[in-house]
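Data first, discussion second: the structure below is written as structure tokens.
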Amino acid sequence: MSDIIRHHLCRRTLIRAGAATCLSGLGTGLPALSAATAPAAPPPTMPPLVGQPTDNSQQNARLDARNTAANQLTVGVLINGQGPYQFVVDTAAEQSVISAELALSLALPAGRNVVVKGINGLIPAPTARVNRLTLGSFVHRNMTLPVLPRPLMKADGFLGLDVINGTRVTFDFRKRSLRVEAPRYAAQRIYAPDITRVKAYGSAGHLRINDCRVDGVMASAIIDTGAEVSIGNSALRDALAARKGKVSDLGEVTLSGVTGGELTTRLMGVSKLRMQDLTFSDAAITRGNL
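For the sequence shown, the residue numbers in my numbering are 6 to 295.
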């Protein structure tokens with residue numbers, strides 16, 4: 006289990022910077038809709054990672070964050086002791102990714118080709134071998150990272166669950182900082198009034214929250230801090246239509262992915278979206294089965 010703690014979120018953050026950051030890939034949790042939302046077992050696509058021991062001599066790191074053109078938070082990462090380079094923290098990615106331009110400039114040795122899942126399906130991708138990836142005081146060794154073009158990612162790379170799994174991650178959008186620390190399982194912990202704590206559990210390489218409601222419809226959500234917009238699947242839309250009689254249509258939107266390709270879909274309005282103790286009002290969610 007990992008903890009995602011959100012600071013000072015507002016409607017503009019939800020729509021533009023996401024709980025994109027908060028919600029991507031909403032799926033219904035209703036039993037009647039489970040058949041519509043159950044994904045087929047994915048084929049094995051990534052090579053097994055060589056051991057990645059973490060240096061726990063220090064148990065936390067507070068890092069200044071920057072924003073990409075898509076309002077994603079990036080943090081400085083060292084690759085083989087060089088950098089820092091700007092990586093997006095992506096809690097929906099099972100695997101970290103590095104840009105082709107950075108891999109070339111660092112003369113990283115190539116690994117074997119792999120298949121990665123993109124917005125329009127599975128695509129082949131080369132890999133690069135990294136001896137040491139450093140995020141604050143956390144060190145990961147002997148990694149094999151897929152390589153994608155930087156213009157598509159708009160950053161030097163993406164940090165996935167292979168790096169941040171087993172940590173507590175705090176996003177502070179007002180102070181533009183990100184804190185990664187070892188989890189502490191205290192029986193009770195008091196948080197400041199401007200901090201909302203959301204518990205997310207690992208499942209199939211994703212951080213999932215099952216305690217969600219979208220305009221009264223029970224749902225589960227995948228936390229995706231690397232996305233720019235929030236996405237709800239067709240089962241959620243159908244459940245909302247059955248409950249409300251109709252779904253607010255806000256027009257057409259085109260989604261693009263870091264692996265290339267585009268997907269045109271519709272934007273639907275949501276009056277109230279709740280994830281545990283975190284609530285958003287007057288939100289917008291795109292429709293899609295990604």
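Glycine residues also receive a C-beta, built at the ideal position from the N, C-alpha and C atoms.
DSSP places S110 inside the alpha helix (DSSP H), whose first and last residues are 105-110.
Excluding the 5 residues flanking it on each side, Q91 has same chain C-beta neighbours closer than 7 angstroms at R71, T79, G81, A160, D161, in chain order. Two segments are said to touch when three or more pairs of C-beta atoms, one from each, lie closer than 8 angstroms; by this definition the segment 166-180 touches the segment 127-145. The bridge partners DSSP lists for K249 come to none. The residue among L278, S276, L260 with its C-alpha nearest the C-alpha of T270 is L260. Of the other Cβ atoms in all chains shown, 16 or more fall within 10 Å of the Cβ of D220; this residue is therefore buried. Within 10 angstroms of the beta-carbon of L212 lie 16 or more other beta-carbons, which makes it buried. In the DSSP assignment, V168 falls within the alpha helix (DSSP H) that extends over 166-169. By the Cβ-count criterion, Q87 is exposed, with fewer than 16 other Cβ atoms from all chains shown falling within 10 Å of its own Cβ.
The count of Cβ pairs closer than 8 angstroms, one atom from the segment 178-186 and one from the segment 110-119, stays below three, leaving the stretches out of contact. CA-CA distance, A226 to A232, rounds to 13 angstroms. As the crow flies, the alpha-carbon of Q281 is around 23 angstroms from that of A246.
In terms of CA proximity to G266, I128 leads the group D95, I128, L109.
Taking every protein chain shown into account, the CB of R248 has fewer than 16 other CB atoms within 10 angstroms, so this residue is exposed. Collapsing the DSSP output to three states places L113 in coil. Closest in C-alpha terms to T172, from the list P188, M158, S253, A133, comes P188. In the three-state DSSP reduction, D243 falls in the helix class (H, G or I).
Assigned with DSSP and collapsed to three states, R155 falls in helix.
For E233, the secondary structure class from DSSP, reduced to helix, strand or coil, is coil. A105 places its beta carbon 8 angstroms or farther from that of L150.
The Cβ atoms of I214 and G293 lie no closer than 8 angstroms to each other. Excluding its 5 nearest sequence neighbours in each direction, V93 has C-beta neighbours in its own chain below 6 angstroms: Q77, T79, A160, F163, G231, listed in chain order. Membership of K180 in any beta strand (DSSP E) is not indicated, and neither H nor E is assigned to it by DSSP. Pairing D229 with T96 gives a Cβ-Cβ distance under 8 angstroms. The three-state reading of DSSP puts E99 in coil, since its state is none of H, G, I, E or B.
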